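Structure first, then comments.
There are 2 protein chains.
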Amino acid sequence: MIKPHTKARLFINVPLKDGKIITLASHQMHYLLHVLRLGVGAPIAVFNGVDGEYLATISEAVKKRCSVSIKLRLRPQIHCRDLWLLFAPVKKARLDFIAQKASELGVRVIWPVKTDFCQISRVNDDRLATNAIEAAEQTERLDIAKIKPFSSLSTALQHFENERLLIWCDEASAGHPSLNISTALANAPPHEKAAILIGPEGGFSESERTHLQSQINCLKISLGPRILRADTAAISALSCYQSICGDWQN
Amino acid sequence: MIKPHTKARLFINVPLKDGKIITLASHQMHYLLHVLRLGVGAPIAVFNGVDGEYLATISEAVKKRCSVSIKLRLRPQIHCRDLWLLFAPVKKARLDFIAQKASELGVRVIWPVKTDFCQISRVNDDRLATNAIEAAEQTERLDIAKIKPFSSLSTALQHFENERLLIWCDEASAGHPSLNISTALANAPPHEKAAILIGPEGGFSESERTHLQSQINCLKISLGPRILRADTAAISALSCYQSICGDWQN
Chain X
688 MIKPHTKARL
698 FINVPLKDGK
708 IITLASHQMH
718 YLLHVLRLGV
728 GAPIAVFNGV
738 DGEYLATISE
748 AVKKRCSVSI
758 KLRLRPQIHC
768 RDLWLLFAPV
778 KKARLDFIAQ
788 KASELGVRVI
798 WPVKTDFCQI
808 SRVNDDRLAT
818 NAIEAAEQTE
828 RLDIAKIKPF
838 SSLSTALQHF
848 ENERLLIWCD
858 EASAGHPSLN
868 ISTALANAPP
878 HEKAAILIGP
888 EGGFSESERT
898 HLQSQINCLK
908 ISLGPRILRA
918 DTAAISALSC
928 YQSICGDWQN
Chain R
688 MIKPHTKARL
698 FINVPLKDGK
708 IITLASHQMH
718 YLLHVLRLGV
728 GAPIAVFNGV
738 DGEYLATISE
748 AVKKRCSVSI
758 KLRLRPQIHC
768 RDLWLLFAPV
778 KKARLDFIAQ
788 KASELGVRVI
798 WPVKTDFCQI
808 SRVNDDRLAT
818 NAIEAAEQTE
828 RLDIAKIKPF
838 SSLSTALQHF
848 ENERLLIWCD
858 EASAGHPSLN
868 ISTALANAPP
878 HEKAAILIGP
888 EGGFSESERT
898 HLQSQINCLK
908 ISLGPRILRA
918 DTAAISALSC
928 YQSICGDWQN
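The listed protein sequences derive, respectively, from chains X and R. Our numbering puts the first residue of the first sequence at 688, with every later residue one more than the last. Our numbering puts the first residue of the second sequence at 688, with every later residue one more than the last.
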């Protein structure tokens, strides 16, 4: 089926099926009617992370209410690979940015973790989720990355299944060609589940390094000779992963 | 030699040699004295993109003047690979961001190009240069990416030497596994010079596509099945390049 030209793509957190009428949240109404200046009859795409993607049209647009009518399914549901991003959070704009880019790059779980040298003590989960949703709307993905609550690195590691490959981006290995991420990933064991770990800009503590080194199924990698900021490192590692082991391949 | 612990790293655009005293620009003085709260005697690292990296100490800090005294050379000069980034510019914050990230990822030339569907008509070169310099200071690189003036894509392509590999990130090839960037780069011909081209978010026009397809030494690649924003695409492609063909290898 040729996809009809739709002017917008929205995540709507309710079950979707043909013929249903759905009243939009006020921020979605504002976006459609005032930012994009759409009116009744305009076609949009909607998805809920479960039921695939649907064509819908704006069926009502009055002062305080905007509804859409679900027309037909455009694509069946697919889910991104079981890839997690664990990272020591950074300050506001770059934290938003990590959530957006992780979502664009097809991460299933976004997990801010507290490390010994992490300077941040609180993370706004709702804000991360909003960023992940907006990026999913934009990037045409059909599922939404799940935001895990900010917890310590050791707590997060306890949740690892043995078969999950932990790709540890180790700033202390910067510039070691033998640990170059593309070489390491090309030789990685076959796996269905993976997680990428990005440390804080001050690196990992000695006890964290010992803990990570003892972790089952841990692949220590280098992201080249220069010092990358945490947000750059996250995007770099996710891109190499998706291209070499992930869904850019098939 | 073990590198001494320095609190800051500054790009200074003058010749460097042992014993020289250099008066800093006011923004550098502000950064050292008021942001980092350093005083006379504090060690910093300096580089000029030509002479390598030097240890220096703050030798004078009075109301309107701050000078540093160059002590000894820490590292000889090295240059990043001959890798260019050509991209259709986007709006402010994300444009700054592209310049920063390209600099972190070791690009030698940053070249904003006007394409048929590009929405931007002017680019502030000085602002791009400032972003590239700040990222170089932070990322420990020893050279500074050169900013080329905003020009049309066809003008930029006229400046290509035949031996420069053009890596064309083609949004119309999204999701074609046979064009997956890591596979394409692993099979790319040996080359010393390369350029990565990222289009505007509306893609390339038909005439641009024809022009690019006829370009000597052009490698069309895909960055996976999702639609990436232009800044994400730039970082993704640069990371895969550096890891597979570039200086993450050696």
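For glycine and all other residues, C-beta sits at the position ideal for the given N, C-alpha and C. Predicted, not measured: the structure shown is a model, and the values here were computed from it.
**Report entry** Secondary structure of A881/X, DSSP reduced to three states
**Finding:** Locating residue 881/X in the first sequence gives position 194, counting from the first residue. Strand.
Query raised in the report: Apart from the five residues on each side of it in sequence, which residues of its chain come closer than 8 Å, Cβ to Cβ, to D934/X?
Result: Residue mapping note: residue 934/X aligns to position 247 of the first sequence, counting from 1. Once the five neighbours on either side are set aside, the close Cβ partners of D934/X are C767, R768 and G793.
Query raised in the report: Excluding the five sequence neighbours on either side, which residues of its own chain have a C-beta within less than 7 Å of the C-beta of R851/R, listed in chain order?
Result: Position 164 of the second sequence, counted from the start, is the residue given in the question as residue 851/R. Excluding five sequence positions before and after R851/R, the CB atoms of its chain that fall closer than 7 Å to its own CB belong to K880, A881, A882 and N904, given in chain order.
Requested in this report: For E740/X, decide whether its Cβ has a neighbour in chain R, counting only Cβ atoms nearer than 9 Å.
Outcome: The residue you call residue 740/X lines up with position 53 of the first sequence. Not flagged as an interface residue toward chain R: E740/X, since no C-beta distance is shorter than 9 Å.
Query raised in the report: Do the region 807-818 of chain R and the region 888-896 of chain R touch if we need at least three Cβ pairs shorter than 8 Å?
Result: Short answer: they don't touch.
Query raised in the report: Under the three-state reduction of DSSP, which class applies to S894/X: helix, strand or coil?
Result: Reading the first sequence from its first residue, position 207 is the one you call residue 894/X. When DSSP states are grouped into helix, strand and coil, S894/X belongs to the helix group.
**Report entry** Residue-level contact to chain X via CB, N818/R, 9 Å cutoff
**Finding:** Your numbering for residue 818/R matches position 131 in the second sequence. For N818/R, no Cβ of chain X is located within less than 9 Å of the residue's own Cβ.
**Report entry** Continuous alpha helix (DSSP H) assignments of at least 4 residues falling wholly in the region 759-797 of chain X
**Finding:** Every alpha helix (DSSP H) of 4 residues or more that sits fully in the region 759-797 of chain X is shown, in chain order, as 779-791.
Requested in this report: Examine chain R for any beta-carbon lying closer than 9 Å to the beta-carbon of T919/X, and answer yes or no.
Outcome: As a first step, residue 919/X must be located in the first sequence, where it is residue number 232. It does; some Cβ of chain R falls within 9 Å.
Query raised in the report: Cα separation between A729/X and K758/X?
Result: In the first sequence, the residue the question calls residue 729/X occupies position 42. In the first sequence, the residue the question calls residue 758/X occupies position 71. Distance between the alpha carbons of A729/X and K758/X: 12 Å.
Requested in this report: Quick one: grab the DSSP three-state call for V737/R.
Outcome: Locating residue 737/R in the second sequence gives position 50, counting from the first residue. For V737/R, the secondary structure class from DSSP, reduced to helix, strand or coil, is coil.
Query raised in the report: Going by DSSP, which residues form a beta bridge with K833/X?
Result: Residue numbering aside, residue 833/X sits at position 146 when the first sequence is read from its first letter. Residue pairing by DSSP places K833/X opposite V796/X in a beta bridge.
Requested in this report: Compute the distance between the beta-carbons of S790/R and A823/R, then report whether it is under 9 Å.
Outcome: Counting from one through the second sequence, the residue named residue 790/R turns up at place 103. Counting from one through the second sequence, the residue named residue 823/R turns up at place 136. In this structure, S790/R lies near A823/R, with their beta-carbon atoms less than 9 Å apart.
Report task. Could you please give me the residues that DSSP links to L906/R through a beta bridge? Result -> Numbered from its first residue, the second sequence carries residue 906/R at position 219. DSSP output for L906/R lists I854/R as bridge partner(s).
Query raised in the report: What's the gap between the Cα of K802/X and the Cα of S839/X?
Result: Position 115 of the first sequence holds residue 802/X. Position 152 of the first sequence holds residue 839/X. Residue 802/X is actually Thr in this sequence, not Lys. Rounded to the nearest whole angstrom, the C-alpha separation of T802/X and S839/X is 6 Å.
**Report entry** Which of helix, strand or coil DSSP assigns to V755/R
**Finding:** Indexing the second sequence from 1 puts residue 755/R at position 68. DSSP, read as helix, strand or coil, puts V755/R in strand.
Query raised in the report: In its own chain, which residues sit with a C-beta less than 7 Å from the C-beta of Q929/X, not counting the 5 before and 5 after it?
Result: Counted from its first residue, the first sequence places residue 929/X at position 242. Within the same chain, Q929/X has close Cβ partners L792, G793 and W935.
Query raised in the report: Could you check where the alpha helix (DSSP H) with T826/X kicks off and where it finishes?
Result: Within the first sequence, the letter at position 139 stands for residue 826/X. Counting along the chain, the unbroken alpha helix (DSSP H) around T826/X starts and ends at D812 to T826.
Query raised in the report: On the premise that V796/R lies in contact with W771/R, defined as a C-beta separation below 8 Å, what is that separation, rounded to the nearest angstrom?
Result: Your numbering for residue 771/R matches position 84 in the second sequence. Your numbering for residue 796/R matches position 109 in the second sequence. Going by Cβ atoms, the distance from W771/R to V796/R rounds to 4 Å, so yes, they are a contact pair.
Query - I914/X - DSSP class collapsed to helix/strand/coil - result: Here residue 914/X refers to the residue found at position 227 of the first sequence. The answer is coil: DSSP assigns I914/X none of H, G, I, E or B.
Query raised in the report: So, is the C-beta of M688/R closer than 9 Å to a C-beta in chain X?
Result: The residue labelled residue 688/R in the question sits at position 1 within the second sequence. Caution applies to M688/R, whose pLDDT of 48 falls short of 50 and renders its modelled position unreliable; the model cannot decide the point.
Requested in this report: Please name the residue or residues paired with R696/R in a DSSP beta bridge.
Outcome: As a working note, residue 696/R is residue 9 in the second sequence. The partner list for R696/R (beta bridge, DSSP) reads A732/R.
Query raised in the report: Rounded to a whole number of angstroms, what is the C-alpha to C-alpha distance between G889/R and S713/X?
Result: Within the second sequence, residue 889/R is the residue found at index 202, counting from 1. Within the first sequence, residue 713/X is the residue found at index 26, counting from 1. For G889/R and S713/X, the gap between their C-alpha atoms comes out near 28 Å.
Requested in this report: Using DSSP bridges, identify the partner residues of N742/X.
Outcome: Reading the first sequence from its first residue, position 55 is the one you call residue 742/X. For the record, residue 742/X in the displayed sequence is Leu; it is not Asn. DSSP lists A732/X and L759/X as partners of L742/X.
Report task. Can you give me the Cβ contacts of L925/R inside the same chain, cut-off strictly under 7 Å, excluding the 5 residues immediately before and after it? Result -> Within the second sequence, numbered from 1, the residue matching residue 925/R stands at position 238. These residues qualify, in order along the chain: L772, A789, L792, V794 and I883.
Query raised in the report: Beta-carbon of T693/R versus every beta-carbon of chain X: anything under 9 Å?
Result: In the second sequence, counting from the first residue as 1, residue 693/R sits at position 6. Not an interface residue.
Query raised in the report: Given a threshold of 16 other Cβ atoms within 10 Å of its Cβ, counted over all protein chains shown, does T919/X qualify as buried or as exposed?
Result: Against the first sequence, residue 919/X aligns to sequence position 232. When all chains shown are included, T919/X counts as buried.
Query - Contact belief for V810/R with F784/R at Cβ below 8 Å, rounded distance in angstroms - result: The count along the second sequence starts at 1 and reaches residue 810/R at position 123. The count along the second sequence starts at 1 and reaches residue 784/R at position 97. Contact flag wrong, Cβ pair sits at about 14 Å.
Report task. Decide if A832/R is buried, meaning its Cβ has at least 16 other Cβ atoms within 10 Å, or exposed. Result -> Here the question's residue 832/R lines up with position 145 in the second sequence. By the neighbour-count criterion, in which a residue is buried when 16 or more other Cβ atoms sit within 10 angstroms of its Cβ, A832/R is buried.
**Report entry** Where the beta strand (DSSP E) containing T710/X begins and where it ends
**Finding:** The sequence position of residue 710/X within the first sequence is 23, counting from 1. Segment I708 to T710, the beta strand (DSSP E) holding T710/X.
**Report entry** Residue burial classification, L915/X (beta-carbon count within 10 angstroms, cutoff 16)
**Finding:** Sequence index remark: in the first sequence, residue 915/X carries index 228 (1-based). The residue in question, L915/X, is buried, as its Cβ has 16 or more Cβ neighbours within 10 Å.
Query - Cutoff 9 Å: G933/R Cβ touching any chain X Cβ - result: Locating residue 933/R in the second sequence gives position 246, counting from the first residue. Yes, because at least one Cβ of chain X sits closer than 9 Å to the Cβ of G933/R.
**Report entry** Closest by C-alpha distance to R762/R, when choosing among Y741/R, T842/R and V777/R
**Finding:** Reading the second sequence from its first residue, position 75 is the one you call residue 762/R. Nearest C-alpha to R762/R: Y741/R.
Report task. Determine the burial state of P799/X: buried for a count of at least 16 other Cβ atoms within 10 Å of its Cβ, exposed for fewer. Result -> As a working note, residue 799/X is residue 112 in the first sequence. Buried: at least 16 other Cβ atoms inside 10 Å.
Requested in this report: Show which residues of chain X have a CB atom less than 8 Å away from the CB atom of N867/R.
Outcome: Here the question's residue 867/R lines up with position 180 in the second sequence. Neighbourhood of N867/R in chain X, by CB distance below 8 Å: S930, W935 and Q936, in chain order.
Query - Cβ neighbours of S860/X in the same chain (closer than 8 Å, five flanking residues each side left out) - result: Stepping through the first sequence from its first residue, residue 860/X is reached at position 173. Cβ contact annotation for S860/X (same chain, cutoff 8 Å, sequence separation greater than five): L866, K907, I908 and S909, in chain order.
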